[in-house]
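Trainee: Here it is: the structure, laid out below.
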Ligand SMILES: Nc1ncnc2c1ncn2[C@@H]1O[C@H](COP(=O)(O)OP(=O)(O)OP(=O)(O)O)[C@@H](O)[C@H]1O
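Numbering (this note's numbering), first residue to last: 1 to 503.
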């Protein structure tokens, strides 16, 4: 297939807000692919490369001296092969060799194709929000029900592999995807609850009420002495958290998968700020801060998969192997005891509580009502779309943030407000240093950014607005912190923002 067809489909999908039209465009494309084209094309459409990151910067790509053509005949197989070659080029002279390969490619592509490939290579096409649509399109192209496709994706975390299985092996091939110890699955997520009483009542009191700790999510896999630890976005961080590895090796089991939260504590046992925990992931500099794990789920234990078992049974498993590392929680507390637990969580410096149905299975990758989070404040994770230059004391700093909510159908984020409240001097400095790296355009007041950075915003509520395109605006928004552990695909949707409208 020609690359131009992929570019056209990608554009068509981006140009419509209709979920149905997007799915149909993707379905037709998928149905026309040769089997070996499925992996690269599904990866590209999700903004990823089959080869992983190949480490080529935007500037390098923009500067390549290539004159485009009007009509191109470049095929998927050619580009995929070239990317494999670029990814495999290392050692001395590799920068030049990579430039040559890409320059050759760009002398054979149209400006539209080059633009698509540049955005793909720099990560700007990454649109995790497309995942829901893509799973539906894969199912439709393979003439299969959606559920087995969705499940295979949740268990593998890989759309390209899911698509290949669905299109070439049908339900049987999809059924072969299992929880594999050592390979991360997408974490189960929670929905916000109006109040603790609401959540408790909705789940009929048959709940586990647990502290909601303000750290970073970890998924820990153990197979014998081999340990792998992943973040919320399934990035492996085993190498930067040796103390967690050591602790897990010491647990009395052969194989296990745990889901939990990790954070650094102060000497008096209170949680350290979120940023300090995050700085341990990947950074060499903060090694002196010890991380502590707080597990809240067990998805596999000694050869037995527990994903489909009720939470009650998964908690039993967790308590047999790691009772000392269990997050503080109560099973079936009465409403008063649950309320005291919530107060205790806040008093200990935590964010709130999670209320979880004891009878629900682990719904990987889903944000459902079986887990509900209760916090005293509203917060939203929004995408930074730009920042205005400050004035007065903030002259010379990028300050007032433009904030966008995610379009659940994969379109550009939708602006819902601005704020400069809550920004410390350190954050202003960081924004001023960091934002130009993500610049999309600028005018005299504002630097507009590619939608890559997620920030957590505290707010008093939202109101109807004719100023913003989503018809809704934040009220009294203030910056709580940046969320480097989240991608724009994890940001809150415009629907979640609208759900806060009064009445
Ligand atoms: N007891 C707990 N059970 C489950 N998740 C917990 C618990 N304590 C803390 N967490 C954290 O809360 C998150 C669940 O909330 P949610 O599904 O909304 O994810 P989130 O969007 O990262 O949440 P938030 O933005 O509120 O931190 C988990 O990803 C995990 O990191």
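Heads up, the beta-carbon is just placed ideally off N, CA and C, and yes, glycines get one too.
Alpha carbon to alpha carbon, what distance is there between residue 25 and residue 438?
Mentor: Answer to the nearest angstrom: the Cα atoms are 30 Å apart.
Trainee: Could you tell me if residue 488 is buried or exposed, where buried requires 16 or more neighbouring beta carbons within 10 angstroms of its beta carbon?
Mentor: The residue in question, residue 488, is buried, as its Cβ has 16 or more Cβ neighbours within 10 Å.
Trainee: Assign residue 142 to one of three DSSP states: helix, strand, or coil.
Mentor: Residue 142 falls in the coil class under three-state DSSP.
Trainee: Quick one: any contact between the region 379-389 and the region 448-463, if contact means 3 or more CB pairs under 8 Å?
Mentor: Judged by Cβ distances under 8 Å, the region 379-389 makes contact with the region 448-463, as three or more pairs qualify.
Trainee: Runs of 3 residues minimum, wholly inside the region 383-407: which ones carry the beta strand (DSSP E) assignment?
Mentor: For the region 383-407, whole beta strand (DSSP E) runs of length 3 or above, ordered along the chain, are 398-405.
Trainee: Starting from residue 277, follow the beta strand (DSSP E) in both directions and report where the run begins and ends.
Mentor: Run containing residue 277: none in the beta strand (DSSP E); it sits in the alpha helix (DSSP H), 274-280.
Trainee: Apart from the five residues just before and just after residue 376, which ones in its own chain have a Cβ nearer than 8 Å to its Cβ?
Mentor: Contacts found: 346 and 352.
Trainee: Is DSSP giving residue 353 helix, strand or coil here?
Mentor: It is a strand residue.
Trainee: Considering only the beta carbon of each residue, do residue 38 and residue 163 sit closer than 8 Å?
Mentor: Yes. Within cutoff.
Trainee: Indicate whether residue 380 and residue 459 have their beta-carbon atoms separated by less than 8 Å.
Mentor: In contact: residue 380 and residue 459 (Cβ atoms closer than 8 Å).
Trainee: Is the beta carbon of residue 234 sitting closer than 8 Å to the one on residue 130?
Mentor: Taking 8 Å as the Cβ cut-off, residue 234 and residue 130 do not qualify as a contacting pair.
Trainee: Relative to the C-alpha of residue 519, which candidate in 226, 251 and 202 has its C-alpha closest?
Mentor: Because the chain here runs from 1 to 503, residue 519 falls outside it and cannot be looked at.
Trainee: Apart from the five residues just before and just after residue 186, which ones in its own chain have a Cβ nearer than 6 Å to its Cβ?
Mentor: Around residue 186: 154, 157, 364 and 365.
Trainee: Smallest Cα separation from residue 142: which of 203, 29 and 279?
Mentor: Nearest option by C-alpha distance: 29.
Trainee: Within its chain, find whatever has a CB closer than 6 Å to the CB of residue 258; leave out the 5 residues flanking it on each side and keep chain order.
Mentor: If we look at residue 258 and ignore the five residues flanking it on each side, its Cβ neighbours are 220, 295 and 298.
Trainee: Please name the residue in 405, 415, 403 and 428 whose C-alpha comes closest to that of residue 395.
Mentor: When only C-alpha atoms are compared, the closest one is 428.
Trainee: Below 8 Å on the Cβ atoms is my contact criterion, and I expect residue 6 with residue 42 to pass it. Report the Cβ-Cβ distance as a whole number of Å.
Mentor: About 10 Å separates the two Cβ atoms, so there is no contact after all.
Trainee: Please look up how many angstroms separate the CB atoms of residue 103 and residue 144, rounded, as I've assumed it's under 8 Å.
Mentor: At roughly 42 Å, the Cβ-Cβ gap does not stay under 8 Å, so residue 103 and residue 144 are not in contact.
Trainee: Name the DSSP beta bridge partners of residue 271, please?
Mentor: DSSP output for residue 271 lists 265 as bridge partner(s).
Trainee: Is any non-hydrogen atom of ligand 1 found closer than 7 Å to the C-beta of residue 20, if you look at the structure I gave you?
Mentor: No, ligand 1 has no heavy atom inside 7 Å of this Cβ.
Trainee: I'd like to confirm something about residue 154: is its beta-carbon nearer than 7 Å to some heavy atom of ligand 1, or not?
Mentor: Not so, every heavy atom of ligand 1 lies at least 7 Å from the Cβ.
Trainee: Three or more beta-carbon pairs under 8 Å between the region 172-182 and the region 201-208, yes or no?
Mentor: As far as the Cβ criterion goes, the region 172-182 does not touch the region 201-208, which means the pair count is below three.
Trainee: Just to confirm, is the Cβ distance from residue 403 to residue 300 under 8 Å?
Mentor: Taking 8 Å as the Cβ cut-off, residue 403 and residue 300 do not qualify as a contacting pair.
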